[in-house]
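In our numbering, the protein residues as written are 36 to 413.
Put into structure tokens, the structure is as follows:
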């Protein structure tokens, strides 16, 4: 306990003010492990701090499964202390080997121009953690996707006979910025301008996504920043203390789902911000006659059967969709999926064609009515 006292004694007051709202600690060790994530949210780290605006209802507690991973003993360290040593090739090599990956690129923030997509191999890990320490930006150079994981891609090694439902790899990206990812040239695995994931588990913590793009049109293609499929046992993707867009000149743009896109995947979005993202397709889904389709979910696009979207302590504003759901589109085809919004603000998310009455910026088809608690929708 004395170590916990010393840490808390010398943390600035602003950090202490965040701890009760973003940490759900059961013991001293879990609280200590949570403090780096709290510090990142309070802008006390160098480089690219994640400064998520507090919603009116306050931030939400983060469950253990959604917290940052421990990277104190990395398997791979990219760089030898200089910016020049942190190269695209080094990132690609480290990701291919798996394990816990950190960076040593010097004291100043660094941007790494990715010359090829970093690809996860399914027989590594099982945990794969990429931690930028709030100093590292990975750029797709407006030419390529930045990160790819697919348990059903034989080139990345099959590890089970049921690739669509396996518990590994378990990929976490934390304390990173992803910018200028571009998957417009992808045809087989489309969408996911910055990150594309299928299978295993996936988590985003303390990260920023800006200026990522995917295909301009198409009824189902989506996720300018992130697209996800087939999570193990339908467990949720956690998106925690992260920013998608954040300013008009940092918008993530795709046919659908400027921030997040998925089919049949649950998300738990906690203490995050989505702003100025755009769904620019037209013709909706299914596409109307004479149109290419798309234009749904300016910030978040959820489609499929049974899945859940939980939004807590999050701000979603100034996103736009050419068709439905300027902020969020949620379509559970069999009406078993659920949407809950708590301690959040959704405002000024125009749906230029359609949205659900009484839910501005949202188009919803699911199990009953969405659960909305202590939140502002306008």
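Yeah, the Cβ is synthetic: ideal placement off N, Cα and C, and Gly gets one too.
Looking only at DSSP bridge pairs, what is residue 22 linked to?
Because the chain in this structure spans residues 36 to 413, residue 22 falls outside the shown range and cannot be described.
Buried or exposed by the 16-neighbour rule on C-beta atoms within 10 Å, applied to residue 142:
exposed
Between residue 287 and residue 245, is the Cβ-Cβ spacing less than 8 Å?
yes
For residue 336, collect the residues of the same chain with a Cβ closer than 6 Å to its Cβ; drop the 5 residues on either side in sequence, then sort them by chain order.
257, 291, 292, 296 and 364
State the DSSP-derived secondary structure class of residue 86, mapped to helix, strand or coil.
coil
Same chain only: Cβ atoms within 6 Å of residue 165, ignoring 5 sequence neighbours per side
136 and 208
Can you give me the Cβ contacts of residue 153 inside the same chain, cut-off strictly under 6 Å, excluding the 5 residues immediately before and after it?
126, 127, 130 and 182
Residue 15 by DSSP, collapsed to three states: which one?
The structure shown does not extend to residue 15, since the chain is modelled only from 36 to 413, so the question has no answer here.
Member of 87, 93 and 85 whose CA lies at the smallest distance from the CA of residue 378
93
Just how far apart, CA to CA, sit residue 259 and residue 381?
20 Å
For residue 100, which residues does DSSP report across the bridge?
None; residue 100 has no bridge partner.
Check this for me: beta carbons of residue 241 and residue 145, under 8 Å apart or not?
no
Whether or not the region 269-283 and the region 317-324 are in contact is what I'm after, with contact meaning three or more pairs of Cβ atoms, one per stretch, closer than 8 Å; do they touch?
no
Identified DSSP bridge partners for residue 347:
305 and 377
Would you list, in sequence order, the uninterrupted beta strand (DSSP E) runs of no fewer than 3 residues that lie entirely inside the region 134-163?
134-138 and 145-148
Helix, strand or coil for residue 208 per DSSP?
strand
Take every Cβ of the region 260-270, pair it with every Cβ of the region 344-355, and state whether three or more of those distances are shorter than 8 Å.
no
For residue 148, which residues in the same chain have their Cβ closer than 7 Å to its Cβ, ignoring the five residues on either side in sequence?
123, 174 and 176
Would you say the beta carbon of residue 241 is closer than 7 Å to some non-hydrogen atom of the ligand GTP?
The ligand content of the structure shown is nil, which means the ligand GTP is not present either.
Assuming residue 252 and residue 316 make a contact with CB atoms under 8 Å, what is their CB distance in whole Å?
5 Å
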